[in-house]
Ligand SMILES: [Zn+2]
């Protein structure tokens, strides 16, 4: 027998063991992943002309919250990892392009999708749910109205039901309160902000060094929408969107939190990306 006969498999096993060896951090961390960008074909639903915008592109990030008591994914990008063909540098879906699979970005910081404790989605639109099937073993944190719209036919054209179909049977916690304190210590709070979709939500994080941050979901898309107080024409309930924006803006003032607009291409480009993290 050649001595190296088992070297390959053993090395693979050792690497797999390392890859799942992420230890819980001592304090809260936030990892930002590049889950792609959106080449918006038409900006008129945002009541903005091309010349009103710094760029028509939108970023489509995903986030991992690592807490001493567990982990939570926030949004899963537009493009499923399975759309990466062997050897291809990019993958696409509709008008989104991804440059690196989410699974590979998680592996770089020592996580497998099956390690992740919780999955929370800002909302059910296609550009936020692309890799949700990877997290079918996590506990899904969702509001009843959002879950209903996801699994009631006819499906909305604004989503890709195949990309979250495994969540139907995932362990699920239905959030029944406006605020949901994920780890029970006030550092990771999912906040109701309906209007863009029936059960749309944003994420509040209390980071020790960075300070408080609110991750927007699609409360806004372009930063110009916030500056000009524009509600897109395609909201599920525009009056609700306006009320949610007012409530979250008041919350930002009260807490001094930064607002990170997920789709803000320019602001997102400046964020540290995994393996770096915010703490
Ligand atoms: Zn979006």
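Numbering (our numbering), first residue to last: 4 to 282.
Glycine included, C-beta positions come from ideal geometry on N, C-alpha and C.
What you are looking at is a predicted structure, and each value in this text was computed from that prediction instead of being measured.
- Between ligand 1 and residue 130, a heavy atom-to-CB distance of less than 7 Å is present.
- Only exposed fits residue 102, as fewer than 16 other CB atoms lie within 10 angstroms of its CB.
- Within the DSSP bridge table, the entry for residue 183 names 193 as partners.
- With at least 16 other beta carbons inside 10 angstroms of its own, residue 260 counts as buried.
- Runs of the beta strand (DSSP E) spanning 3 or more residues and lying entirely within the stretch 11 to 99 occur at 32 to 36, 40 to 42, 60 to 62, 65 to 70, 73 to 77, 94 to 96, in chain order.
- As far as DSSP is concerned, residue 231 takes part in no beta bridge.
- The beta-carbon separation of residue 144 and residue 38, rounded to 19 Å, does not stay under the 8 Å limit for a contact.
- Residue environment for residue 64: buried (at least 16 other C-beta atoms within 10 angstroms of its C-beta).
- Residue 26 and residue 139 have their C-alpha atoms spaced approximately 22 Å apart.
- Leaving aside the five residues that flank residue 211 on each side, the residues in its chain whose CB is nearer than 8 Å to its CB run, in chain order, 30, 31, 282.
- With a cutoff of 8 Å on beta-carbon distance, residue 194 and residue 186 are scored as not near each other.
- Counting other Cβ atoms within 10 Å of its Cβ, residue 277 reaches 16 or more and is therefore classed as buried.
- Take the alpha-carbon of residue 141 and the one of residue 271: they are about 27 Å apart.
- Under the 10 Å beta carbon count, residue 171 is surrounded by fewer than 16 other beta carbons and is classified as exposed.
- The stretch 123 to 133 makes contact with the stretch 67 to 82: 3 or more CB pairs, one atom from each, lie closer than 8 Å.
- Membership of residue 142 in the beta strand (DSSP E) is indicated by the continuous run 142 to 146.
- The three-state secondary structure of residue 127, taken from DSSP, is coil.
- Secondary structure note for residue 204: its beta strand (DSSP E) is the uninterrupted segment 204 to 210.
- Beta bridge pairing from DSSP links residue 217 with 207, 262.
- In terms of CA proximity to residue 59, 50 leads the group 244, 50, 222.
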